[in-house]
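The numbering of the sequence shown is our numbering, which starts it at 219 and goes up by one.
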Amino acid sequence: MNKPLRVVIVEDDREIGTLVAGLLTREGFITEWLRSGEDLDHALAREATDLLLLDLMLPGEDGLSLCRRVRARSQLPIIMVTAKGDDLDRILGLEMGADDYLPKPFTPRELLARVRAVLRRTAPATQDAVAGTSHECLCFAGFRFDLLARRLLGPDGREIELSAGDYDLLAVFTRYPNRVLSRDRLMDLTKGRSWEVFDRSIDVAASRLRRKIEPDPGHPQLIKTVRNGGYLFAAEVERAP
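(1) Compare the beta carbon distance of residue 355 and residue 363 with 8 Å and say whether it is the shorter of the two.
(2) Cβ of residue 266 within 8 Å of Cβ of residue 297?
(3) If you measure between the beta carbons of residue 258 and residue 299, is that distance less than 8 Å?
(4) With distances taken between CB atoms, is the gap from residue 276 to residue 255 smaller than 8 Å?
(5) Quick one: what's residue 249 bridged to in DSSP?
(6) When we look at the beta-carbon of residue 447 and count the other beta-carbons within 10 Å, is it buried (16 or more) or exposed?
(7) From the DSSP output, in three-state form, read off residue 280 for me.
(8) Along the chain, where does the alpha helix (DSSP H) containing residue 259 start, and where does it finish?
(9) Is it right to say residue 343 is buried, meaning 16 or more other beta carbons lie within 10 angstroms of its own, or is it exposed?
(10) Please report the distance separating the alpha-carbon of residue 284 from that of residue 224.
(11) Note down, in chain order, each residue of its chain lying with its Cβ closer than 6 Å to the Cβ of residue 286, except the 5 sequence neighbours on either side.
(12) Kindly list the residues whose CB is nearer than 7 Å to the CB of residue 424, restricted to its own chain and excluding five residues on each side of it in sequence; keep chain order.
(13) Identify whether residue 361 lies in helix, strand or coil by the three-state DSSP scheme.
(14) If you compare alpha carbons, which of 366, 367 and 372 is closest to residue 357?
(15) Less than 8 Å between the beta carbons of residue 380 and residue 268, yes or no?
(16) Apply the 10 Å Cβ neighbour rule to residue 451 and answer buried if 16 or more other Cβ atoms are within range, or exposed otherwise.
(17) Could you check what DSSP says for residue 377 in three-state terms: helix, strand or coil?
(18) Mind checking whether residue 248 and residue 239 have CB atoms under 8 Å apart?
(19) Could you tell me whether the Cβ atoms of residue 261 and residue 250 are closer together than 8 Å?
(20) With 16 as the cutoff for other CB atoms within 10 Å, does residue 229 come out buried or exposed?
(21) By the 10 Å Cβ neighbour count, where 16 or more other Cβ atoms means buried, how is residue 325 classified, buried or exposed?
(22) Name, in chain order, the residues that DSSP records as bridge partners for residue 300.
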């Protein structure tokens with residue numbers, strides 16, 4: 219029998235925290251509801267966690283700062299949850315490394331769909347499914363990309379950290395090199411369209427990935443923007459020997 223997945227919820231509103239924890243517990247998850255960044259630090263140090271539901275507005279250290287700190291030391295999947303609906307807040311959350319963004323108010327069905335979608339994309343057993351391939355390593359422009367291990371080595375041999383979103387997008391790009399992919403197509407191939415996706419999430423993800431693999435992100439040579447078209451991954455991709 220598979221071990222239940224553990225979800226940590228950081229939410230200072232008692233009613234919302236209780237409802238979300240109860241919902242996920244009834245769906246078979248192990249849950250822990252916390253109210254602050256300090257509590258989160260202790261929880262992550264104490265026990266392995268599979269997913270973090272992180273509210274943006276928290277007393278003390280806010281959710282964006284927490285997201286940045288967690289992402290700097292781990293690839294723990296993160297869903298930002300907030301009452302704010304401004305585009306800037308969504309962009310900042312994605313820029314900090316969040317894997318998804320869920321605005322309040324949300325329905326239980328939407329919450330469960332997003333939790334399961336993020337877990338499905340980040341589960342080691344299914345990581346190679348995003349690229350539609352068996353376990354293999356790919357080479358492009360001096361990089362070595364291990365699809366199953368989620369490891370990207372740069373031309374200098376150093377490992378480049380990939381968030382779940384970085385991995386999803388790079389896996390798709392290496393599967394469809396030198397082809398123009400629209401934003402809608404990229405969303406289909408990475409996250410699917412079973413739930414609403416923030417329109418600019420692909421642009422944010424592409425910008426973040428450029429900063430990791432482009433020598434000059436301001437003048438990209440690998441991830442090229444095609445006006446009124448989408449993106450093109452301009453590299454020759456080969457299987458590693």
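Ideal Cβ placement from N, Cα and C applies to all residues, glycine included.
Remember, predicted model here, so these are calculated numbers, not experimental data.
Reading from the atomic positions:
(1) Against a cut-off of 8 Å, the Cβ pair of residue 363 and residue 355 comes out as a contact.
(2) In terms of Cβ geometry, residue 266 and residue 297 do not form a close pair [threshold 8 Å].
(3) The answer is no: Cβ separation not under 8 Å.
(4) Closer than 8 Å, so yes.
(5) Bridge partners of residue 249: 225.
(6) Counting every other CB atom within 10 Å of its CB across the protein chains shown gives residue 447 a total below 16, marking it as exposed.
(7) DSSP places residue 280 in the coil class of the three-state scheme, outside both helix and strand.
(8) 255-264 is the extent of the alpha helix (DSSP H) around residue 259.
(9) With a pLDDT of 35 at residue 343, under the threshold of 50, the predicted position of this residue should be treated as unreliable, and no value is reported.
(10) Their backbone Cα atoms lie some 19 Å apart in a straight line.
(11) Non-local C-beta neighbours of residue 286 in its own chain, meaning closer than 6 Å and more than five positions away in sequence, comprise 314, ordered along the chain.
(12) If we look at residue 424 and ignore the five residues flanking it on each side, its Cβ neighbours are 387, 441 and 449.
(13) Residue 361 carries a strand assignment under DSSP once its states are collapsed to helix, strand and coil.
(14) Per the Cα distances, 372.
(15) Not in contact: residue 380 and residue 268 (Cβ atoms no closer than 8 Å).
(16) The residue in question, residue 451, is buried, as its Cβ has 16 or more Cβ neighbours within 10 Å.
(17) In this structure, DSSP gives residue 377 an extended state, which the three-state scheme calls strand.
(18) Result no, Cβ atoms of residue 248 and residue 239 do not sit closer than 8 Å.
(19) Less than 8 Å divides the Cβ of residue 261 from the Cβ of residue 250.
(20) Residue 229 comes out buried.
(21) An exposed status is given to residue 325, since fewer than 16 other beta-carbon atoms sit within 10 Å of its beta-carbon.
(22) Note: residue 300 sits in a beta bridge opposite 321.
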